[in-house]
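For the record, the sequence lines run as chains W and Y. Using the numbering used here, you'd call the opening residue of the first sequence number 10 and step up by one each time. Using the numbering used here, you'd call the opening residue of the second sequence number 10 and step up by one each time. C-beta atoms are modelled at their ideal positions from N, C-alpha and C, and glycine is treated no differently. From a predicted model like this one, the values you see are computed outputs, not experimental measurements. Below is one structure, written out as structure tokens; comments come after it.
Number of protein chains: 2
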Amino acid sequence: MWSNHIKYHGLMRTHQLVLRWIEDQLSGGQLAVGGRLPAERTLAEQLGVSRTSVREAIRVLEAMGVVRAGVGSGPEAGTVVISDPTAALGSALRLHVATQHLPVEDVVETRVLLESWAAARARPDAPELDLAGALLDDMDEGHAVDDFLALDVRFHLALADAAGNAVVSAMMGSLREAIQGYAGQLTANLPDWDVTASRLRAEHREILAAIRKDDGGRAAELVAAHIRGYYKEAGLGPKDSDPARLP
Amino acid sequence: MWSNHIKYHGLMRTHQLVLRWIEDQLSGGQLAVGGRLPAERTLAEQLGVSRTSVREAIRVLEAMGVVRAGVGSGPEAGTVVISDPTAALGSALRLHVATQHLPVEDVVETRVLLESWAAARARPDAPELDLAGALLDDMDEGHAVDDFLALDVRFHLALADAAGNAVVSAMMGSLREAIQGYAGQLTANLPDWDVTASRLRAEHREILAAIRKDDGGRAAELVAAHIRGYYKEAGLGPKDSDPARLP
DNA sequence: TAGAGCATGTGGTCCAACCACATCAAGTAC
DNA sequence: GTACTTGATGTGGTTGGACCACATGCTCTA
Chain W
10 MWSNHIKYHG LMRTHQLVLR WIEDQLSGGQ LAVGGRLPAE RTLAEQLGVS
60 RTSVREAIRV LEAMGVVRAG VGSGPEAGTV VISDPTAALG SALRLHVATQ
110 HLPVEDVVET RVLLESWAAA RARPDAPELD LAGALLDDMD EGHAVDDFLA
160 LDVRFHLALA DAAGNAVVSA MMGSLREAIQ GYAGQLTANL PDWDVTASRL
210 RAEHREILAA IRKDDGGRAA ELVAAHIRGY YKEAGLGPKD SDPARLP
Chain Y
10 MWSNHIKYHG LMRTHQLVLR WIEDQLSGGQ LAVGGRLPAE RTLAEQLGVS
60 RTSVREAIRV LEAMGVVRAG VGSGPEAGTV VISDPTAALG SALRLHVATQ
110 HLPVEDVVET RVLLESWAAA RARPDAPELD LAGALLDDMD EGHAVDDFLA
160 LDVRFHLALA DAAGNAVVSA MMGSLREAIQ GYAGQLTANL PDWDVTASRL
210 RAEHREILAA IRKDDGGRAA ELVAAHIRGY YKEAGLGPKD SDPARLP
């Protein structure tokens with residue numbers, strides 16, 4: 010039996026070598042979602058590196074939403090392959106928003122772009138719209154602010170999913186996640202939350218109705234106004250002084 | 010002087026604690042792009058954790074494009090804060106494409122969406138267009154396939170930057186990066202690279218001209234056709250059987 | 001048969017040591 | 001005086017070993 014040991018990697022740091030090995034396993038199909046990585050100690054020995062380097066690689070993959078590490082024994086234990094792009098993109102965006110290199114206004118505008126497109130593209134008979142409708146019904150029964158916002162997130166995600174593009178869905182969710190803390194603080198700026206919540210509910214119903222009637226153009230306009238209106242009311246100033254150029 | 014030691018974090022893994030501390034420093038402004046983190050050993054002592062945990066946190070931040078670690082002494086050494094959202098999003102997308110949970114078709118369609126929007130929104134006098142023009146001139150002088158594609162990437166990035174939305178630029182770049190390997194293989198499917206390259210050059214000039222004439226609508230259409238056309242010629246089948254619904 | 005308790009294997013954490021590298025300062029040769 | 005050599009210093013990179021907490025499953029016992 011030949012050895013998997015990889016040497017002569019002077020140009021690459023050891024954990025990146027492990028990373029590349031795992032990525033190759035994924036691309037090649039030897040490793041798929043639901044599958045499990047070898048134990049850290051085993052993998053370290055197989056690749057001829059230290060357990061520390063293996064762990065650093067796994068830490069990165071975990072941050073990327075590609076694996077989940079669980080202690081103990083049994084099916085929940087070990088390092089298993091998952092696929093949660095939203096978590097990865099969300100964390101990355103949030104960090105870069107924190108460094109002030111991604112303006113919140115740009116995040117909001119990108120949300121408008123992606124969600125408008127999703128609303129315009131969603132099929133009236135998409136099954137995700139049923140979930141959106143159910144979430145909408147839940148929102149009617151007087152919730153606390155946090156609960157309402159949680160349902161709101163799921164409603165918007167359901168709409169995005171209805172467009173059938175996994176990348177757009179993931180990016181949409183990550184954008185929302187990246188400014189979640191920011192949006193939460195904004196609610197404090199609102200003059201009257203109950204009034205705002207009522208308006209949001211009404212707008213949600215309009216959006217869903219437009220999609221159901223296959224009026225994608227109107228749905229897109231409504232979504233854009235819905236998102237921009239909320240952040241504007243909460244005090245987020247527009248970055249662009251020429252709104253006429255907005256699509 | 011009080012201690013920075015953080016204890017009683019039973020619910021959180023140690024490296025996540027370090028991660029949170031650094032993110033707080035970024036949000037609070039104590040750390041900004043260009044700044045340097047304390048040395049690993051120092052930070053470990055300050056937070057009362059092992060150097061291992063500090064290193065795992067730094068590895069994650071590095072993968073997120075938030076810091077860059079350099080050995081040795083001097084200005085290039087140490088762990089300094091940077092901001093490269095594209096790298097982070099690109100790696101994450103590439104990995105999830107590898108797990109087959111993000112279809113390449115969806116990546117391409119999202120590129121069409123973002124780049125069309127950018128082309129429609131770009132101002133005719135945006136300085137980034139000058140760079141795009143210069144790159145276009147470079148492309149004329151017979152290059153190898155790889156060189157041409159490298160210039161092509163920079164041209165498209167320049168166009169995206171001209172729209173003035175950092176989030177869209179970052180996402181655009183990451184999408185391109187995520188399928189870079191895939192796109193490279195596709196060139197082998199082309200019947201005649203020189204013919205294709207000529208067509209791409211002509212389309213680039215048309216796109217740039219449309220933006221310069223402030224005809225955003227036409228620019229968006231040209232970009233969409235440009236991207237879809239390339240991948241279609243190279244053999245990437247459309248995922249949706251109803252192209253009439255495309256925006 | 002039902003329960004308690006141990007064996008096993010997983011990731012989580014820490015420590016101590018060593019290496020490679022880049023800079024800078026002190027010393028040395030000319 | 002100038003130019004070169006040489007060592008000290010401080011950085012991240014890597015390793016091996018040790019121990020812990022946890023979850024499961026087997027085995028022994030009452």
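Can you check whether the C-beta of Y/P256 is within less than 9 Å of a C-beta belonging to chain W? Translated into the one-based positions of the second sequence, residue 256 of chain Y becomes position 247. In this predicted model, Y/P256 has a pLDDT of only 42, less than 50, meaning its place in the structure is not dependable; the value taken from the coordinates is given anyway. Output row for Y/P256: interface = yes.
Output the distance between the C-alpha atoms of W/M21 and Y/V232, rounded to the nearest integer angstrom. On the first sequence, position 12 is the one that residue 21 of chain W refers to. On the second sequence, position 223 is the one that residue 232 of chain Y refers to. Their Cα atoms are separated by approximately 37 Å.
Let me see if you follow: with CB-CB separation under 9 Å, is W/L52 close to chain Y or not? Taking the first residue of the first sequence as 1, we reach residue 52 of chain W at position 43. Chain Y, which has no Cβ nearer than 9 Å to the Cβ of W/L52, makes this no.
Within 10 Å of its beta-carbon, does Y/G83 have 16 or more other beta-carbons around it, so buried, or fewer, so exposed? Looking up residue 83 of chain Y in the second sequence gives position 74. Its Cβ having fewer than 16 others within 10 Å, Y/G83 is exposed.
Output the residue ranges of the beta strand (DSSP E) runs that lie fully inside the segment 146 to 190 of chain Y and measure 3 residues or longer, sorted by chain position. none
In terms of residue numbering, what span does the alpha helix (DSSP H) encompassing Y/V76 cover? By 1-based counting over the second sequence, the position of residue 76 of chain Y is 67. First-last for Y/V76: V76 to G79, but that is the beta strand (DSSP E), not the alpha helix (DSSP H).
Cutoff 9 Å: Y/L111 Cβ touching any chain W Cβ: In the second sequence, the residue the question calls residue 111 of chain Y occupies position 102. Closer than 9 Å to some Cβ of chain W, the Cβ of Y/L111 qualifies, so yes.
Going by other Cβ atoms of all chains shown within 10 Å of its Cβ, with 16 needed for buried, is W/T51 buried or exposed? For this step, residue 51 of chain W is matched to residue 42 along the first sequence. It counts as exposed.
Using a beta-carbon distance below 9 Å, is W/H105 in contact with chain Y? The residue given as residue 105 of chain W occupies position 96 in the first sequence. At least one chain Y Cβ lies under 9 Å of W/H105.
Please go through the same chain and pick out, in chain order, the residues whose beta-carbon is closer than 8 Å to the beta-carbon of W/I236, but skip the five residues on each side of it. Taking the first sequence and counting its residues from 1, the one referred to as residue 236 of chain W is at position 227. So the qualifying residues of the chain are V117, R120, V121 and E124.
Can you confirm whether W/D115, when its beta carbon is compared against all beta carbons of chain Y, has any partner nearer than 9 Å? Counted from its first residue, the first sequence places residue 115 of chain W at position 106. Yes, W/D115 lies at the interface with chain Y (some Cβ there is under 9 Å from its Cβ).
Grouping DSSP H, G and I as helix and E and B as strand, with all else coil, what is W/T108? Numbered from its first residue, the first sequence carries residue 108 of chain W at position 99. Three-state result, W/T108: coil.
Is Y/M148 closer than 9 Å to Y/D139 when the C-beta atoms are compared? Within the second sequence, the letter at position 130 stands for residue 139 of chain Y. Within the second sequence, the letter at position 139 stands for residue 148 of chain Y. Contact flag unset, no.
Buried or exposed: which applies to W/E150, given that a residue is buried once 16 or more other Cβ atoms fall within 10 Å of its Cβ? To locate residue 150 of chain W, count along the first sequence from 1; it is residue 141. Exposed: under 16 other Cβ atoms inside 10 Å.
Give the range of the beta strand (DSSP E) segment to which Y/V89 is assigned. Against the second sequence, residue 89 of chain Y aligns to sequence position 80. Its beta strand (DSSP E) spans residues G87 to V90.
Since Y/H110 and W/A175 are thought to touch, with beta carbons under 8 Å apart, how far apart are those beta carbons, to the nearest angstrom? For the purposes of this step, residue 110 of chain Y is taken as the residue at position 101 of the second sequence. For the purposes of this step, residue 175 of chain W is taken as the residue at position 166 of the first sequence. Right, their Cβ atoms sit about 7 Å apart.
Minimum Cβ-Cβ distance from Y/V75 to chain W less than 9 Å: Within the second sequence, numbered from 1, the residue matching residue 75 of chain Y stands at position 66. True, the Cβ-Cβ gap to chain W drops below 9 Å.
Have a look at Y/A187, Y/W202, Y/D156 and Y/D134 and flag the residue whose alpha-carbon is nearest the alpha-carbon of Y/D223. As a working note, residue 223 of chain Y is residue 214 in the second sequence. Residue Y/D134 is the option with its Cα nearest to Y/D223.
Write down the C-beta distance between Y/T23 and Y/V58 rounded to the nearest angstrom, noting that I regard them as a contact closer than 8 Å. In the second sequence, residue 23 of chain Y corresponds to position 14, counting from 1. In the second sequence, residue 58 of chain Y corresponds to position 49, counting from 1. Confirmed, Cβ separation roughly 5 Å.
Go to W/D203, then tell me how far its alpha helix (DSSP H) extends in each direction, as first and last residue. One-based indexing of the first sequence puts residue 203 of chain W at position 194. Note, W/D203: alpha helix (DSSP H), W202 to R221.
Within its chain, find whatever has a CB closer than 7 Å to the CB of W/L98; leave out the 5 residues flanking it on each side and keep chain order. Your numbering for residue 98 of chain W matches position 89 in the first sequence. Excluding positions up to five away in sequence, the list reads A179, M180 and S183.
Taking only beta-carbon atoms, is W/T88 less than 9 Å away from chain Y? The sequence position of residue 88 of chain W within the first sequence is 79, counting from 1. No, W/T88 does not count as interfacial toward chain Y.
For the segment 123 to 143 of chain Y, which residues have a CB atom closer than 7 Å to at least one CB atom of chain W, in sequence order? W126, A129 and R130
Are the C-beta of Y/V204 and some C-beta of chain W separated by less than 9 Å? Along the second sequence, read from residue 1 onward, the residue named residue 204 of chain Y stands at position 195. Not closer than 9 Å to any Cβ of chain W, the Cβ of Y/V204 fails to qualify, so no.
How about Y/L209 and Y/A243: do their beta carbons lie closer than 9 Å? Within the second sequence, the letter at position 200 stands for residue 209 of chain Y. Within the second sequence, the letter at position 234 stands for residue 243 of chain Y. Their beta carbons are not under 9 Å apart, which means Y/L209 does not touch Y/A243 by this criterion.
Measure the C-alpha to C-alpha separation of Y/T88 and Y/G81 and round it to an integer number of angstroms. Start at 1 with the first residue of the second sequence, and residue 88 of chain Y comes out as number 79. Start at 1 with the first residue of the second sequence, and residue 81 of chain Y comes out as number 72. For Y/T88 and Y/G81, the distance between alpha carbons rounds to 11 Å.
Given a threshold of 16 other Cβ atoms within 10 Å of its Cβ, counted over all protein chains shown, does Y/G225 qualify as buried or as exposed? Translated into the one-based positions of the second sequence, residue 225 of chain Y becomes position 216. So Y/G225 ends up on the buried side.
Since W/S100 meets chain Y, which of its residues come closer than 8 Å, beta carbon to beta carbon? One-based indexing of the first sequence puts residue 100 of chain W at position 91. Chain Y residues near W/S100: M73.
Could you have a look at W/R132 and say whether DSSP puts it in helix, strand or coil? Numbered from 1 along the first sequence, position 123 holds the residue referred to as residue 132 of chain W. Here W/R132 sits in coil by DSSP.
Report the option in W/E85, W/M73 and W/A86 whose CA atom is closest to the CA atom of W/D93. The residue you call residue 93 of chain W lines up with position 84 of the first sequence. Among W/E85, W/M73 and W/A86, the Cα nearest to that of W/D93 belongs to W/M73.
For a contact defined as C-beta to C-beta under 8 Å, what are the partners of W/M180 on chain Y? Start at 1 with the first residue of the first sequence, and residue 180 of chain W comes out as number 171. Near W/M180 (Cβ distances below 8 Å), the residues of chain Y are T119 and M180.
What does DSSP give as the partner residues of Y/S45 in its beta bridges? Stepping through the second sequence from its first residue, residue 45 of chain Y is reached at position 36. The sequence shown places Arg at residue 45 of chain Y, not Ser. Y/R45 pairs with Y/V89.
On the criterion of 16 or more Cβ atoms from any shown chain inside 10 Å, does Y/D170 qualify as buried, or is it exposed? Translated into the one-based positions of the second sequence, residue 170 of chain Y becomes position 161. Under this definition Y/D170 is a buried residue.
Would you mind working out which of W/G79, W/P112, W/T108 and W/A219 sits nearest W/A127, comparing C-alpha positions? Sequence index remark: in the first sequence, residue 127 of chain W carries index 118 (1-based). It is W/A219.
For W/L56, would you say it is in contact with chain Y, using Cβ-to-Cβ distances shorter than 9 Å as the test? The residue given as residue 56 of chain W occupies position 47 in the first sequence. No, W/L56 does not count as interfacial toward chain Y.
Taking a cut of 8 Å between CB atoms, which residues from the segment 29 to 51 of chain W lie near chain Y? E32, L35, S36, A41 and V42
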